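Count along the sequence shown starting at 1, add 679, and that's the number in the working numbering. Please read the structure below before turning to the comments.
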Amino acid sequence: MKKFYLTTAIDYANGHPHIGHAYEKILADVICRTKRLLNYDVHFLTGLDEHGQKVEQTAKKHGITPQILCDSIAQEFIDMCTFLHISYDDYIRTTQPRHKAIVRDILQKLFDKNDIYKAEYTGFYSTRVERFLQEKDKVDGVWPENEFGQVMEITETNYFFKLNPHKQWLIDYITSHENFIFPKFRAKQVLEFLREDINDLCISRPKNRLAWGIELPFDPEYVTYVWFDALINYISAVGYGTENFSEFWPVDYHVIGKDILVPAHAIYWPIMLHALDLPMPKTFLAHGWWLCSGEKMSKSVGNVVDPLDYAKQFGPDAFRYFVIREMTVGQDSDFSHELFLSRYNNDLGNDLGNLVSRTHNMLQRYCKNTIPKIAPLESPENDLINLWSKTRDSTLDAYDRLQFHTALEDIFTFIGAINKFLEIRAPWKLAKSDKPKDRERLDTVLAVSSEAIRLAATILAPILPIVSQQILEIFQVKAIAWGKQLEWNNEYLFNRSLSADSIILFPRF
680 MKKFYLTTAI DYANGHPHIG HAYEKILADV ICRTKRLLNY DVHFLTGLDE HGQKVEQTAK
740 KHGITPQILC DSIAQEFIDM CTFLHISYDD YIRTTQPRHK AIVRDILQKL FDKNDIYKAE
800 YTGFYSTRVE RFLQEKDKVD GVWPENEFGQ VMEITETNYF FKLNPHKQWL IDYITSHENF
860 IFPKFRAKQV LEFLREDIND LCISRPKNRL AWGIELPFDP EYVTYVWFDA LINYISAVGY
920 GTENFSEFWP VDYHVIGKDI LVPAHAIYWP IMLHALDLPM PKTFLAHGWW LCSGEKMSKS
980 VGNVVDPLDY AKQFGPDAFR YFVIREMTVG QDSDFSHELF LSRYNNDLGN DLGNLVSRTH
1040 NMLQRYCKNT IPKIAPLESP ENDLINLWSK TRDSTLDAYD RLQFHTALED IFTFIGAINK
1100 FLEIRAPWKL AKSDKPKDRE RLDTVLAVSS EAIRLAATIL APILPIVSQQ ILEIFQVKAI
1160 AWGKQLEWNN EYLFNRSLSA DSIILFPRF
């Protein structure tokens, strides 16, 4: 089995789950489920970033320790992942001993190589993003308050990680590896940042200003800067420094939001890896934002969407379907309740849910709850079978290219064709006929429809894991790895007894 390693950005313990967090986990989960069904040995990592000044300040505000705050927030994110059926293999927290030990080891290695040095620095510091700002961060001569919050000038002695000696190497690497950043136009954003002078990265905070962090191994008066600490999770979680590390690294997909691509993930992290003589991630996958009427969602504006509210009301698979269907990977997309309801009622309720329900009901009424034998096929049946062959190939290709919205378009075009096939064949009319030929046609129509539904449910499994399983259980079929399971087989369901229970997959709202 081929290995496949995927990581997401680890969420920050100073906030609660929102639609951006949910989308990133769902996107990563769809990728990983697809790879598992294609028989890859998948390792899916996500987790929580727990150190830093904002966490310390929030904990102090609530009169609790930072660790108690982090434990509470970690449970919120784990609960969200559980409810949305996120199939991660490991959940790392940066307060875990396995992570802290490796961070200290890496810090010592870089310090011994003279990649880290101590110096006094005067600069403008944003607590909100927990970093020193540069002139190029300004917009029209000022630092945007909505992005950076309060900015103050600080003079202090700190430790710095050298970035500039690796700058040209990174430019050359990005330029020569066209799949390093997806979508490709994001690479231009990174290169534009690198064309200007970049300051070395301040990787420490004095304990008299921040105590909540990992202590530097070479100076106990300082803790590690949260971004330097957090980025290391992607290698600490898979055993950096051990024999097993090479089984996982380099990561195949590193899934992050576009807002943290630069500078942290696409500049700091590759340079850190290069300084450690480690291979680069194969692909940074930078996804877009969810907008509301074209504007970024914001607590202050009051347009933030709680993913669990929708998942609890409409079901987790319905929420998964909407966000994957509506967002082109790498682009921004708009969220509205009206659009969600339209997708839910039309695509899921009418097209898929009603199709499964009425086919099941007709099999119960006309075929004694058993899949009948297929008689010789005629033009309508052959057209549907040929369409499936095209749908399967185009869908697998779209999955491979991360074009999941296109895959869903193709699948639901096929589902629409099954509905149209039933309307053309009208099995409810055939059931009223006493002619042997009509009985043969009735059996064939319901058998062909059942096989088409089975195939649609099978290929939908990465996006609708629960609903897909429910549909397959109706036909008493187990969900297993793809391959022959995606081939049309007229005998596959023959003589199977169906689940006797009727099921409403998507109750109407």
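Positions of the beta carbon are idealized from the N, C-alpha and C atoms, including for glycine. If you're wondering where the values come from, they're calculated on a predicted model, not measured in any experiment.
Expected contact under 8 Å - CB spacing of Thr1038 and Ile1132 to nearest Å: 6 Å
Residue range of the unbroken beta strand (DSSP E) whose run includes Cys971: 969-971
Rounded straight-line distance, which links the Cα of Glu974 to that of Gln868: 21 Å
Given 8 Å, three or more beta-carbon pairs between the stretch 909-924 and the stretch 800-810: no
Residue of Asp1113, Thr1049, Glu1166, Gln992 minimising C-alpha distance to Arg1187: Gln992
Minimum C-alpha distance to Trp1190 - residue among Phe963, Ser915, Met959, Val983: A query on residue 1190 cannot be resolved here, the shown segment of the chain reaching from 680 to 1188 and no further.
Where the beta strand (DSSP E) containing Val1035 begins and where it ends: Looking at the DSSP string, Val1035 is not in any beta strand (DSSP E); the run it does join, the alpha helix (DSSP H), is 1033-1045.
Close-in-space but distant-in-sequence residues of the same chain around Tyr989 (CB under 6 Å, 5 per side omitted): Phe998
Delimiting residues of the beta strand (DSSP E) encompassing Val934: 932-936
Integer-rounded CB distance, given that Ile911 should sit under 8 Å from Ile705: At roughly 25 Å, the Cβ-Cβ gap does not stay under 8 Å, so Ile705 and Ile911 are not in contact.
Per-residue DSSP class, three states only, for Ile771: strand
Cβ neighbours of Arg783 in the same chain (closer than 7 Å, five flanking residues each side left out): Ile893, Pro896
Residues bridged to Met831 (per DSSP): Tyr804
First through last residue of the beta strand (DSSP E) which encompasses Thr686: 682-687
Cβ-based neighbour list, Ser766, same chain, cut-off 7 Å, excluding 5 preceding and 5 following: Asp708, Cys711, Arg712, Phe723
Within the stretch 911-968, ranges of the beta strand (DSSP E) (whole runs, at least 3 residues): 932-936, 963-966
Cβ pair Trp625, Leu842 closer than 8 Å: Because the chain in this structure spans residues 680 to 1188, residue 625 falls outside the shown range and cannot be described.
Residue range of the unbroken beta strand (DSSP E) whose run includes Tyr702: It is not in any beta strand (DSSP E) - Tyr702 instead sits in the alpha helix (DSSP H) that spans 698-716.
Pairwise C-alpha distance: Lys681 and Asp720: 6 Å
As assigned by DSSP and simplified to three states, the class of Lys975: strand
Range of the contiguous alpha helix (DSSP H) that encloses Phe1014: Premise fails: Phe1014 is in no alpha helix (DSSP H) and is neither H nor E.
At least 3 beta-carbon pairs within less than 8 Å: the stretch 726-746 vs the stretch 685-701: yes
Identity of the residue in Tyr1078, Ile853, Val1124 nearest Asn1098 by Cα: Val1124
Thr1049: first and last residue of the uninterrupted beta strand (DSSP E) it sits in: From DSSP, Thr1049 is part of no beta strand (DSSP E); its letter is neither H nor E.
Local conformation of Phe1083 per DSSP, three classes: helix
Assigned secondary structure, Lys841 (DSSP; H/G/I helix, E/B strand, else coil): coil
Bridge partners - Gly726, DSSP secondary structure assignment: Ile771
Residue range of the alpha helix (DSSP H) that includes Pro1106: 1106-1109
CB contact flag (Tyr684, Phe859, <8 Å): no
Counted within 10 angstroms of its Cβ, other Cβ atoms place Met1006 as buried (16 or more) or exposed: buried
Spatial distance of Glu1088 from His1016 (CA atoms): 21 Å
Residue interval of the alpha helix (DSSP H) (run including Arg999): 995-1005
Contact the stretch 1106-1117 vs the stretch 734-742: 3+ CB pairs below 8 Å: no
Test: Asp908 CB closer than 8 Å to a CB of chain B: In summary, chain B is missing from the structure at hand, where a single protein chain is found.
Secondary structure, alpha helix (DSSP H): runs of 4+ residues fully inside the stretch 1087-1134: 1106-1109
Endpoints, beta strand (DSSP E) assigned at Ser883: 883-885
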